[in-house]
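>
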Amino acid sequence: MLSFFRKRALASLISLFGLIVMVFFLSRLTGDPAALFLPVEASAEMKAQFREIHGLNDPVMTQFIRYAGDVVTGDFGESLRKARPALDVVLEAFVWTLWLAVITMALVTGAAIVVGSLAAFRAGGFFDRFSSIISLIGASVPDFWLAIVAIVVFSVNLAWLPTSGTGSLLHWILPISVLFVRPFGIIVQVVRGSMIGALTSAYVKTARAKGVKSGPIIFVHALRNAMLPVITVIGDQAASLLNGAVIIETIFGFPGVGKLMIDSILQRDFNVVLAAILVTALAIFLMNLLIDLAYVLLDPRIRH
Amino acid sequence: MTLQIPDAALIEEPRFIVRMARMLWADKFALCAALFLVTILILAIIGPAWLGDAAIKQNLRGRNAAPFEWDRGWLWWMGADALGRPLFARIIVATQNTMMVAAGAVIISSVIGTVLGLVAGFSSPRVNQVIMRLADVIMSFPSLLIAVIVLYILGSSILNLMLVLSITRIPVYLRTTRAEVLEIRERMFVQAARVMGASGKRIVFRHILPVVLPTLTTLATLDFAYVMLAESALSFLGIGIQPPEITWGLMISQGRQYLTNAWWLSFWPGLAIILTTMSLNLLSNWLRIALDPVQRWRLEMKGRNNG
Amino acid sequence: MAEHLLEVRNLSVEFHTAMGVVKAVRSISYHLGRGETLAILGESGSGKSVSSSAIMNLIDMPPGRISSGEILLNGADLLKMPAHERRKINGSRIAMIFQDPLSHLNPVYTVGWQIREALTTHGADAAKAQSEALRLIARVGVPHPERALDKYPHEFSGGQRQRVMIAMALALRPDLLIADEPTTALDVTVQAEVLALLKELQEETGMAVMIITHDLGVVAEIADRVVVMEKGELVETGTVREVYHNPQHPYTKRLIAAAPGKGEMHAPQGFGEPVLRVRDVRKHYGAFEALKGVSFDLMPGETMAVVGESGSGKSTLARILLRLDEADSGSALWKGRDLFTLSPGELYKLRRDLQMVFQDPTQSLNPRMTVFQLISEAWIIHPDILPKAKWRERVAELLVQVGLGPEHMGRYPHQFSGGQRQRIAIARALALEPQLIICDEAVSALDVSVQAQVIALLDRLRREMGIAFIFIAHDLPVVRDFANHVMVMQQGNVVEMGTVSEIFDTPREDYTRALLAAGLDPDPDIQAANRAARLRQVS
Amino acid sequence: GSGPIKIVLPEEADLLEPCMATRSNIGRIIMQNVSETLTELDVRGDKGVMPRLAEKWEQNSDGSWRFHLRQGVTFSDGTAFDAKDVKHSLDRIMSDKNACESRRYFGGMTVTANIVDDHTVDFSADPVQPILPLLLTLVTIVPEETPLEFVREPVGTGPYKLTDWTPGQQIVLTSRDDYWGEKPEVTEATYLFRADPSVRAAMVQTGEADLSPSISQLDATNPATDFSYLDSETVYLRIDHNIEPLNDIRVRRALNMAIDREAFLGTLVPEGAVLATAIVPPPTLGWNPNVKVPAFDTEGARKLLEEAKADGVKVDTPITIVARSANFPNVTEIMEAIQAQLQEAGFTIELKFVEVAEHEQYYSKPFKDGRGPQIVAAMHDNSKGDPSFSMFFKYASEGTQSGFSDPKVDDLITRASAAVGDERAKLWSELIAYVHDEVVADVLLFHMVGFSRVSERLEFKPTMATNSMLQLSEIGIK
Ligand SMILES: Nc1ncnc2c1ncn2[C@@H]1O[C@H](COP(=O)(O)OP(=O)(O)OP(=O)(O)O)[C@@H](O)[C@H]1O
Ligand SMILES: Nc1ncnc2c1ncn2[C@@H]1O[C@H](COP(=O)(O)OP(=O)(O)OP(=O)(O)O)[C@@H](O)[C@H]1O
Ligand SMILES: [Mg+2]
Ligand SMILES: [Mg+2]
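What follows is the structure, given as structure tokens:
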């Protein structure tokens, strides 16, 4: 087990490094931050000066070596825009994103498993059709629709919830509800599909012969067997939340890493982009590790 | 001496196509879905030639015309956009691009992802490790960044957009496939195939893939929606498809600011996406049953009862 | 009639398939009293499992349909009962041992958990369940009971799994136990123990047993009355002795005549070079040593039977010889080449020479392939064997050879009975025209008439085509009829090896003798005498 | 009355650095609220440059300027304001150790501050700067202790000080008791940031904010709270004169004639927008009322094109209009409409929408070699009252965004920049007319209007400068 972790950690480190190298060089092909940082009217000298200050005039290789050296010592550079350590900026935002992702995924997972399993239990029945329609709409509705409609209904018309921002627990309700919808739709469908197969297995018959009730048959016997694809998809959805829910963050004024990343990408604030990717990648790598462990825990036949 | 099985053998099994058609007929939801998709497909092919001109004819006086004002003419029944162009015509014309991007991206990503997943699940730990870490990398590469980089370097076109969107979707298929392969390859019938000398390729494609396929199909149909909406988000940020090209996603993103004043601008393309996703999903659920011998009776029974 | 615990009246079950309605059970009636043991005999596919599933309410409806009849338990019709009441009966009042233990055990839970669940579902508390589970699993003879409870189904041998199923079914001391071929995967000593256990429980609790089996010996040992089924119909019923000594229906007659173990024993055949030379094969699973140095030679055209207690490593040996598992050490020279060191390419070429019929037929057939696809896959993989035009013809031929019909070609595995599936697996192995077939309990799921037929077929192949067999079996009479050599295994060791007559007539080791002594005779009178003798010995 | 208010802005300030206050997202918060300048432009009336931290100023005979500083002013950190602070503030902006943005307004000149006494400073500029007092409206004053690098906690002499800044969430300014001037009614201002315009509008409606300086035209439906105002942003199409067929004046004229500007007003462009005849909006010095919007005349445009074609100009070459997504409201629709109108007149137009970084590459020099005929749609903002902030960049041969080179234009710009008073206004007027009518430099479209939503409890009228400066002291509370 330990050697498994060691190998995994090493491989992850290498790929993380590869990721950074790739982002570093590719992003530098996409334009000049000086032109964006400075107003359009800025003179060529000013731009040159700006590049000088931020070391953008050196050959890219030199820049990279410098960057890599700094990173090793824990220095992720400064944000061009914000003139603050890039890592601080990112971590500040990431905490919000992490909470948002964790809470949303916890709710989604619970709800989707219950709904998807019940739908599979009576495949083709009323509940199945109904939940399929709801979840498919959820999976394909543009999220800004939901966001704006939710604000208009719940904040402006009913005045139950604040429109946006952070502060109280109430502020979390709308963003989480809107974020909830799409992963819910997707995971319900995956659970349903996987469960239909599991529920026809012979061991389900055994359980019925033992007199086990439908509830445990679905949620104990079949579900665990059906979980492999489900947790994979949960991981995928969680990863996209960890990478930031741009639209939701933008509309609800949620200071997460998604909007930060978009802004930094569009403004070519490379240090922030790199730090953000490093932080989210680390989180995603960790999550994938947990998922791989979950496979082994869920299904004893899978060995490494 | 032959042991007879009562009755069953007497009826010759009908041809594959006939059987599928019967099973489709049996599931009315799937049938509607199939018809809808066929319509979409036809519109995708003839749309631009048929309504291409109507879709770009501007009329600032009729901007944001409301839907269901029948006296404007049938083209306007969905209303008009901010430049007074008939939404109905635009949706139809946009079908082609939308389908190309969505289908292209989904097909590319699912095929690549699945193949890599099969390889990862079935080959040596080292290859597995390499592929899985690659998946980690793609997964943690924010899709927007890939989009900006690729579209900046290669320029924005339908093809490049397809490419960008498909790269970002590879890991789901990859990881799902691999997880399933890990379990399925331990099953006895896989071992039986190995005993017969079946090559890795055959085992993977003939024995393992069919078991994973239903899950992948479900994912792929849902990804259709994902891709269309992601494309919309990219357009909004100025790195996706841009006018005068049209896609449903672009129409949604253009209608975004009018959501509270002229809801129909983004409603219809949104509805088109929802209906397409739903149809695909209904069809894939139907297919899952139709292709599974253990489940097939559900459809066959119904076919019998109904017809 | 109320004195009958169970009464089945006019039960008919049909299945819907793509090719029409299969009437699996046609209007059968039988009854079973408290403390009584009823054996259901019948050809494979005759509806034995389906009718017992109907009693358990386990038929998937649809596609299945109970088209007529009633099933009365203590006079109450189970078919008309509301679902929640019906559920309370399952497990506590009627329990079932399934035919196919691997697929019927949930692969992701430990067997301990699964046994405990049977108890807790009907109200036992956790501590009680744990101690009961331990007691049960020890009682069915699974080695190292404490450890066994924490293992997963795939970590057991076929016989051990079957014992787990038995333990699970007995957990709640049901009024009625339906046992669908409960001992096919058990070696004779364990079989004897299990049967004794059933009897004991019957005496303790007045449990009624409905046992479905192909083994006339088992019938003779345990049953009071017999029901014989053929093609979904009940063709004969009576006490064991009546039926054995005075069968009425032609099928029954044929069945009894086909009982194995009466023919002549084969002499060793092969001379000269052995085709397979196995030396000192060892295999560990973690700390557990499954094979402790197995060596033997196999001559061309010979059958080497491997008998021995369940869990002694027989299947493991088979898997290792086929490179489905890697041996820890040792060698296996096939015509001079070491199977263990071949590269994948070389192995591929050799594969068609070495085939296997697996112990668990359900799991070894791809559920998504039709019988035709399953069998013809061999020729896709090895295209030089047969041109495509001839496939249909040859599949039909093979199906007939194993006692099925060409009309089964388009069906899927789940539409067959256990025994029928096993025959498909045999046909598939034959399709490759191999030179060595490893049969892991290949005929134990077949009724004796078909079994005799299949054995005759294998024997003919052996003679005519010089195919060698490694024949793993528990059924000693079959071994006696078919094998040239016998190898007796216990706990990963070969305890004795010799020609059939050496082993059967002059066994040297105690274990071999015990095995032989535990064998059951199909004649109820002889069996009764044997039992009496055994009891005398014990006391 | 008085009390705290909440203001919701579209974009967060990523810095609160005084020398970056000329950038609108920063200036909106700190300019004149936290950091003050020596002088101030009157955007509500026509008083021109007014005193702020300087009480009065005069030009010395050598062309340098003498400023007399206000006395008794303290910074929010308690230190007193004097000439050394002024000098340091200017030096800091001019330093090459940082990327202070205000420096861009001093391109092509050197300005130095010389301390005469504690309350008097001489500014000398080379070349002589007639609009130095105007330029000083852009120089925020920081204490002399301020390091050259960017600071995160701005210290200034303004009526407010920064009391809370939670990045991503809010910025709070609280009024100072020791402010030298009149005490404003707003005691505390909390700035919130929401990128979505309809959310901003909703927030004022629900009372979560009191003021949203910019909302979408579409949301501006309540006359009691929603106001439009000319916001000094000018939309235009910058033409690259270097590439055929755009090098031909008839083609450029045709471009101008083919666009039906009027049709946009009240449809894709808000009602109150003004058709542009110059790159700077009307109240700017030298704005020329005699320059007329080119008449919409598709036929005329078509004729001009044919003429050019007859002379061998390749008018059929596809011309690309490069626009920036989300640059201003309705940008896509406006560009698509323009494309349609131009096509109507016989042009072949391709549209290309790009994100900001890419747009920048098309907009500013150096232009790419081998490019085709290009037109860049852009928006320019000059609320500073003087065209010099625009003309050089947009029209001089050396100007970064100039698409052509014309000696007369260069000469006029140089002369106007150096001139003062009426002469200056006259020269600018001449330049504006020349560029528009003779050079036909570009296609000027609209001076845009913005919409704001102001809670009914506030008394506030947005101005042209609101985009870049929002003085809390101008907000009254009912
Ligand atoms: N799901 C199904 N669909 C179609 N036919 C089925 C299905 N299940 C069982 N049958 C058919 O019903 C008949 C009875 O099957 P059953 O399993 O009862 O046989 P069995 O007597 O138990 O045989 P064995 O001893 O081989 O296990 C068989 O012919 C089988 O093909
Ligand atoms: N994957 C595994 N992990 C751990 N132990 C295993 C595994 N597979 C088999 N074993 C153990 O190895 C021993 C030999 O198993 P094997 O299947 O070869 O028995 P067998 O002789 O075929 O018995 P049976 O007649 O019951 O089928 C058993 O005790 C079993 O518990
Ligand atoms: Mg059976
Ligand atoms: Mg075995």
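Going down the list, the protein sequences come from chains A, B, C and D.
Note that the working numbering numbers the first sequence so that position 134 is 341, with each residue one more than the last.
Note that the working numbering numbers the second sequence so that position 43 is 44, with each residue one more than the last.
Note that the working numbering numbers the third sequence so that position 415 is 1031, with each residue one more than the last.
Note that the working numbering numbers the fourth sequence so that position 401 is 451, with each residue one more than the last.
For each residue, glycine too, the CB sits at the ideal point set by N, CA and C.
So, I1042 of chain C versus V1018 of chain C, is the Cβ gap smaller than 7 angstroms?
yes
> When the Cα atoms are used, what is the spatial distance from L1156 of chain C to E918 of chain C?
For chain C, the structure presents residues 617 to 1155; residue 1156 of chain C sits outside this window and is missing.
> Within its chain, find whatever has a CB closer than 7 angstroms to the CB of R153 of chain D; leave out the 5 residues flanking it on each side and keep chain order.
I143 and M144
> Would N282 of chain B pass as an interface residue toward chain D - the criterion being a Cβ-Cβ separation below 7 angstroms?
no
> Classify W298 of chain B as helix, strand or coil using the three-state DSSP reduction.
helix
> Among A:T304, A:L305 and A:I344, which has the Cα closest to the Cα of I274 of chain B?
A:I344
> Where do the N-terminal and C-terminal ends of the alpha helix (DSSP H) with L261 of chain D fall, by residue?
Counting along the chain, L261 of chain D falls outside any alpha helix (DSSP H), though it belongs to the beta strand (DSSP E) covering L261 to I265.
> Answer with buried or exposed for V297 of chain A, where buried requires no fewer than 16 other C-beta atoms within 10 angstroms of its C-beta.
Flag for V297 of chain A reads buried.
> Measuring alpha carbon to alpha carbon, tell me which residue in D:G420, D:P247, D:G453 and D:L88 is nearest T187 of chain D.
D:L88
> Apart from the five residues just before and just after P68 of chain D, which ones in its own chain have a Cβ nearer than 7 angstroms to its Cβ?
I80, S85, T190, V192, P204 and G206
> Rounded to whole angstroms, what's the CA-CA distance from Y227 of chain B to A428 of chain D? Just pull it up for me.
33 angstroms
> Comparing the CB of E310 of chain B with every heavy atom of ligand 2, is any distance shorter than 6 angstroms?
Given a span of 2 to 308 for chain B in the structure shown, any question on residue 310 of chain B remains unanswerable.
> Can you pull the DSSP bridge partners for R895 of chain C?
C:S947
> Of all Cβ atoms in chain B, is any one closer than 7 angstroms to the Cβ of A468 of chain D?
no
> How is the beta strand (DSSP E) around H30 of chain D delimited, first residue to last?
Chain D is shown only over 51 to 528; residue 30 of chain D falls outside these bounds and no answer can be derived.
> Give a yes or no on whether the minimum CB-CB distance between G400 of chain A and chain B is below 7 angstroms.
yes
> Is there a Cβ of chain A sitting closer than 7 angstroms to that of Y174 of chain B, yes or no?
Judged by the 7 angstroms Cβ criterion, Y174 of chain B is not in contact with chain A.
> By the 10 Å Cβ neighbour count, where 16 or more other Cβ atoms means buried, how is V230 of chain A classified, buried or exposed?
buried
> Going by the C-beta, is E771 of chain C closer than 6 angstroms to any heavy atom of ligand 2?
For E771 of chain C, the distance from the CB to the nearest heavy atom of ligand 2 is below 6 angstroms.
> Suppose only complete runs of 3+ residues qualify. What are the beta strand (DSSP E) ranges in the segment 181-244 of chain D, listed by chain order?
210-216, 220-225 and 236-243
> Name, going along the chain, the residues of the segment 218-239 of chain A whose beta-carbon falls closer than 9 angstroms to a beta-carbon of chain B.
Residues of the segment 218-239 of chain A with a C-beta less than 9 angstroms from any C-beta of chain B: A218, S219, I221, S222, L223, G225, L226, M229, V230, L233, S234, L236, T237 and G238, listed in chain order.
> Identify whether A218 of chain A lies in helix, strand or coil by the three-state DSSP scheme.
Reduced to three states, the DSSP call for A218 of chain A is helix.
> Going along chain A in order, which residues have a C-beta closer than 7 angstroms to the C-beta of A226 of chain B?
A346 and S347
> Nearer than 6 angstroms: is that true of the beta carbon of A1058 of chain C relative to any heavy atom of ligand 1?
It does not: the Cβ of A1058 of chain C is nowhere closer than 6 angstroms to a heavy atom of ligand 1.
> Within the continuous alpha helix (DSSP H) that includes W729 of chain C, where are the two ends?
V727 to T737
> For a test of the three-state rule: what should DSSP assign to K930 of chain C, helix, strand or coil?
In this structure, K930 of chain C counts as helix in the three-state DSSP scheme.
> Does the distance between the C-beta of F631 of chain C and the nearest non-hydrogen atom of ligand 1 fall short of 6 angstroms?
yes
> From I43 of chain B to D281 of chain D, what does the alpha carbon distance come to, in whole angstroms?
About 49 angstroms.
> Name, please, each residue of chain B whose Cβ falls closer than 7 angstroms to the Cβ of E993 of chain C.
Result: M197.
> Residue range of the beta strand (DSSP E) that E852 of chain C falls in?
It spans E849 to T855 - the beta strand (DSSP E) in which E852 of chain C sits, taken as one unbroken run.
> Taking 6 angstroms as the cut-off, is the C-beta of Q1031 of chain C nearer than that to any heavy atom in ligand 1?
yes
> Just the C-alpha distance for G114 of chain B and G442 of chain A, rounded to the nearest angstrom, thanks.
16 angstroms
> Exposed or buried, P769 of chain C, counting other C-beta atoms within 10 Å across all chains shown (16 or more means buried)?
Residue burial annotation: P769 of chain C is buried, with at least 16 other C-beta atoms found within 10 angstroms of its C-beta.
> Run the proximity test for G1034 of chain C: is its beta-carbon closer than 6 angstroms to any non-hydrogen atom belonging to ligand 5?
Absence of ligand 5 from the depicted structure is noted, with ligand 1, ligand 2, ligand 3 and ligand 4 being the only ligands included.
> CB of G946 of chain C to nearest heavy atom of ligand 2: below 6 angstroms?
no
> Within the 7 angstroms Cβ cut-off, does I109 of chain B reach chain D?
When Cβ-Cβ separations below 7 angstroms define contact, I109 of chain B makes no contact with chain D.
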